[in-house]
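Take 3 as the starting number for the sequence shown in our numbering and just add one per residue. Note sheet for the following structure.
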Amino acid sequence: MGDLPKARGFSANAFHTNMLQQVVGSRASKSLVHSYKRSFNGFVAKLTEEERNRISTMKGVVSVFPSTKKQLHTTRSWDFIGFPQEVVRASLESDIIVGMLDTGVWPESKSFSDEGFGPPPSKWKGSCASSSNFTCNNKIIGAKFYRTDGEVDEAGDFNSPRDSEGHGTHTASTAAGGVVSQASLLGIGLGTARGGVPSARLAVYKICWSDGCSDADILAAFDDAIADGVDIISLSVGGSFPVDYFDDPIAIGAFHSMKNGILTSNSAGNSGPEAGSITNFSPWSLSVAASTIDRKFIANVQLGNNKIYEGFAINTFNLSGTYPIVYGGDVPNNAAGFSGADSRYCSPDSLDKTLVDGKIVLCDDLNDGEGALQSGAIGTIMQDGGFKDDAFSFPLSASYLSSEDGKEVSTFINTTSNPMATISKSIGAKDSLAPFVVSFSSRGPNPITSDLLKPDLTAPGVEIVASWSEATSVTGITGDKRVVPYNIISGTSMSCPHATGAAAYVKSFHPTWSPAAIKSALMTTASTLSAAKNIDVEFAYGSGQIDPIKAAQPGLIYDAGEADYISFLCGQGYSSKSLQLITGDNTTCSAANNATVWDLNYPSFALSGVSGTSLMRTFQRTVTNVGSPTSTYMAIVSAPSGLNITVEPSALSFKSMGQKQSFTVTVAATVGTKVLSGSLVWDDGAFQVRSPVVAYSVSSS
């Protein structure tokens with residue numbers, strides 16, 4: 003995916019067709035599915051494996067990879083991170099355009115009202131795919147949809163930017179939704195819903211459908227969003243396994259965004275807590291983990307003996323009185339070939355409807371509740387030993403208990419002649435442990451570049467209240483009749499737009515700042531999290547939790563641009579030929595720009611080696627003064643036993659805004675099974691610019 007050729011009269015479509023003709027002959031025009039021609043050079047085509055191999059050897063081809071499917075990865079959240087509704091805002095906030103690449107949007111939501119908005123900023127070059135069921139306004143200033151992989155299933159999707167799933171509406175309102183009072187999910191989580199930048203504009207690019215998010219569509223949306231003039235791109239989507247930077251369409255799109263001055267905010271993924279599970283980790287994008295806020299939702303279970311057990315669920319249902327309770331393993335659907343060993347998990351079709359109808363069913367696993375609902379149950383209690391750090395919604399009254407409490411419920415059922423129970427509607431409770439990174443949030447270390455710390459930071463991503471599509475239900479499960487304007491869901495998909503909103507807030511104060519500068523501001527001002535609550539430490543939370551107010555005035559920034567990332571890629575072994583096709587110029591890898599990963603001007607420091615070995619690395623860094631014109635920063639180092647950090651010079655003096663100063667950080671460590679976590683803080687008395695320093699062991703294989 004290189005730059006577009008600068009030659010006058012260049013036709014991307016004709017160029018791509020000609021390339022295909024050399025491989026597939028006369029069916030080239032039918033083989034060509036889409037040409038990327040607005041912001042970068044590439045195309046989508048239908049090819050056999052043999053044709054793919056042939057085209058990959060042609061001159062000018064950077065890479066050829068299949069278009070796979072990616073997965074979709076606030077009433078209280080903004081206040082929790084210290085970003086109140088009354089925060090000081092820049093006059094330019096209304097000129098900021100946030101590009102949302104997701105499932106579309108529900109334009110009628112109050113979160114997207116354009117009351118009080120003027121016309122779109124003059125820099126906007128996009129358009130709106132208006133139709134009989136979708137129109138834009140002065141809040142949603144642009145909307146497009148992409149479907150290069152097959153026809154739209156109109157039974158489940160709208161053939162327009164309209165959101166039928168809810169995910170895109172939720173993320174868009176979290177990032178830049180307007181202020182809406184009395185928002186809740188049927189009374190749960192009641193409060194004022196708002197985005198990080200309520201006055202900003204939204205440009206919607208629908209790339210995800212009921213069957214996933216196509217790589218080809220993701221790249222097409224990047225191509226348009228860059229050319230349309232967005233300021234920030236938010237993408238809560240990712241793959242299921244790590245791939246090389248330039249075989250990953252999200253990393254490719256984010257690279258071209260960076261070249262054009264646009265920061266891409268990415269979700270880290272929902273495959274935690276396994277190590278190395280992060281899938282969005284390119285150095286030129288912002289990788290966001292998910293953490294809790296100080297509110298949790300509990301749904302109590304009360305048995306007929308009046309014992310009460312605290313369960314986790316977002317339960318909107320009010321049960322009137324108590325109901326008979328049965329154990330799933332005792333009511334198998336024998337007629338369909340299920341035994342108690344199957345029905346104990348309450349999967350669809352496994353339960354006997356005649357024995358479950360109108361009752362509460364106890365299940366031995368966390369599930370989506372579809373099996374219990376299908377069998378006619380009035381409610382379900384689920385129990386196992388899994389993580390219980392976030393709550394889910396279910397299509398019927400439900401609660402999720404610990405194994406210990408579930409065992410007591412089971413004993414009650416087995417020892418009572420007429421066991422009865424009820425499940426309460428959820429209530430909000432104080433979570434005194436917050437913030438901590440939730441178990442599902444994907445972890446580092448970076449699976450491609452081990453000495454580049456990822457994720458970059460964390461943001462609220464658990465039980466977030468935000469706008470929802472009214473074309474679906476609360477859960478989207480068949481039989482769920484609840485249609486709501488606001489919903490509560492969790493995921494790094496929810497934390498990503500929080501970071502997007504924070505980045506847009508910083509951009510509104512500093513419109514000329516580069517993507518790296520904005521990212522640096524967010525990372526170096528992030529609030530540190532407790533290592534005791536996060537055993538994966540920086541591999542869970544990166545630099546810490548976002549603090550948008552501090553990020554708007556960070557003091558110093560670690561800036562970087564295309565040339566810096568090119569040097570990094572040269573050091574990673576990419577060839578000059580590949581880089582020229584990516585950059586569109588005569589860039590070559592040489593001794594002058596073949597930089598190691600430790601020389602990339604990144605706001606964090608990481609080094610790794612085989613367990614038991616002693617390591618020493620020297621990191622080259624440069625900071626730019628954006629705080630006080632005249633200031634002196636002192637280096638403050640914190641390091642545990644086994645980690646030695648030396649900074650030279652130990653003081654940086656500035657005499658003007660924009661002045662740059664360079665320094666080196668030498669890190670020595672003996673790595674073992676435990677991650678060694680330290681930090682470097684540049685402190686001038688007014689600003690504290692913090693970077694994590696991490697040393698850890700990797701496998702010798």
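Even glycine gets a Cβ: it sits at the ideal position worked out from N, Cα and C. These numbers were taken from a predicted model, which means no experiment stands behind them.
Open item on the list: What does the Cβ neighbour count give for T615, buried or exposed, with the cut at 16 atoms within 10 Å?
Closed with: exposed
TODO: Taking all protein chains shown into account, decide if F319 is buried (16 or more other Cβ within 10 angstroms of its Cβ) or exposed.
DONE: buried
TODO: Look up V35 in the DSSP assignment and give the residues it is bridged to.
DONE: Looking at the DSSP assignment, V35 forms no beta bridge with any residue, so it has no partner.
TODO: Evaluate K579 with the Cβ neighbour count: other Cβ atoms within 10 Å of its Cβ, from every protein chain shown; 16 or more gives buried, anything less gives exposed.
DONE: exposed
Open item on the list: Could you pull the DSSP bridge partners for F299 from this structure?
Closed with: Per DSSP, G430.
- [ ] Identify the continuous alpha helix (DSSP H) that holds D226 and give its terminal residues.
- [x] D217 to D230
- [ ] Would you give the residue range spanned by the beta strand (DSSP E) that V358 belongs to?
- [x] Here V358 belongs to no beta strand (DSSP E); instead the alpha helix (DSSP H) covers K355 to V358.
Open item on the list: Tell me which residue opens and which closes the beta strand (DSSP E) that W684 is part of.
Closed with: L678 to D685
- [ ] Compare the C-beta of G408 with all C-beta atoms of chain B and state if any pair is closer than 8 Å.
- [x] No chain B appears in this structure, which consists of one protein chain only.
Open item on the list: On the CB-based measure, 16 or more other CB atoms within 10 Å of its CB, does H75 come out buried or exposed?
Closed with: Annotation note: pLDDT 48 at H75 (below 50); position unreliable, no value reported.
TODO: May I have the straight-line CA-CA distance separating P631 from S655, to the nearest angstrom?
DONE: 10 Å
TODO: Take S31 and list the residues in its own chain whose beta-carbon comes closer than 7 Å to its own, dropping the five residues that flank it on each side.
DONE: T19
TODO: Alpha carbon to alpha carbon, how far is S412 from R1? Give it in angstroms, no decimals.
DONE: The first residue shown for the chain is 3 and the last is 703, placing residue 1 beyond what the model contains.
Open item on the list: Could you give the first and the last residue of the continuous alpha helix (DSSP H) run that contains M659?
Closed with: Run containing M659: none; DSSP gives neither H nor E here.
- [ ] Starting from D104, follow the beta strand (DSSP E) in both directions and report where the run begins and ends.
- [x] Run containing D104: I99 to D104, per the beta strand (DSSP E) assignment.
Task: According to DSSP, residues forming a beta bridge with Q622 - done: T666
Task: W108 beta carbon less than 8 Å from that of S569 - done: Their beta carbons are not under 8 Å apart, which means S569 does not touch W108 by this criterion.
Open item on the list: My output table needs one value for E88: the three-state DSSP class, helix, strand or coil.
Closed with: coil
Task: Cut-off 7 Å between Cβ atoms - residues of its own chain near A379, not counting five sequence neighbours on either side - done: V358, K361, I362, V363 and L398
Open item on the list: Is the beta carbon of V612 closer than 8 Å to that of V677?
Closed with: no
Task: Ranges of the alpha helix (DSSP H) found wholly within the segment 225 to 274, counting only runs of at least 4 - done: 251 to 261
Open item on the list: Mapping the DSSP letters down to three states, classify H75 as helix, strand or coil.
Closed with: Note that H75 scores a pLDDT of 48, beneath 50, so its modelled location is shaky and nothing firm can be said.
Task: First through last residue of the alpha helix (DSSP H) which encompasses A177 - done: A177: member of the alpha helix (DSSP H) spanning H169 to A178, first to last residue.
TODO: Rounded to whole angstroms, what's the CA-CA distance from T494 to S405? Just pull it up for me.
DONE: 27 Å
Open item on the list: So for T460, helix, strand or coil by DSSP?
Closed with: Residue state, collapsed to three classes: strand.
Task: Short Cβ contact (8 Å threshold) for G170 with T105 - done: yes
Open item on the list: If you measure between the beta carbons of A697 and V673, is that distance less than 8 Å?
Closed with: yes
Open item on the list: Does the contact criterion of 3 or more C-beta pairs under 8 Å hold for the segment 515 to 534 versus the segment 590 to 606?
Closed with: yes
Task: I491 beta carbon less than 8 Å from that of K509 - done: no
Open item on the list: I'd like to check one pair, I235 with S259: are the Cβ atoms closer than 8 Å?
Closed with: yes
Task: Selection from N282, G271, I415 and N262 that minimises the alpha carbon distance to D332 - done: I415
Task: V25 to F442 span [Cα, whole Å] - done: 44 Å
Task: CB contact flag (Y507, G198, <8 Å) - done: yes
Task: Identity of the residues DSSP links to P694 by a beta bridge - done: S681
Task: Closest Cα partner of P447 within the set V303, A277 and S497 - done: A277
Open item on the list: Looking at the strands, I want to know which residues DSSP matches up with V612.
Closed with: V700
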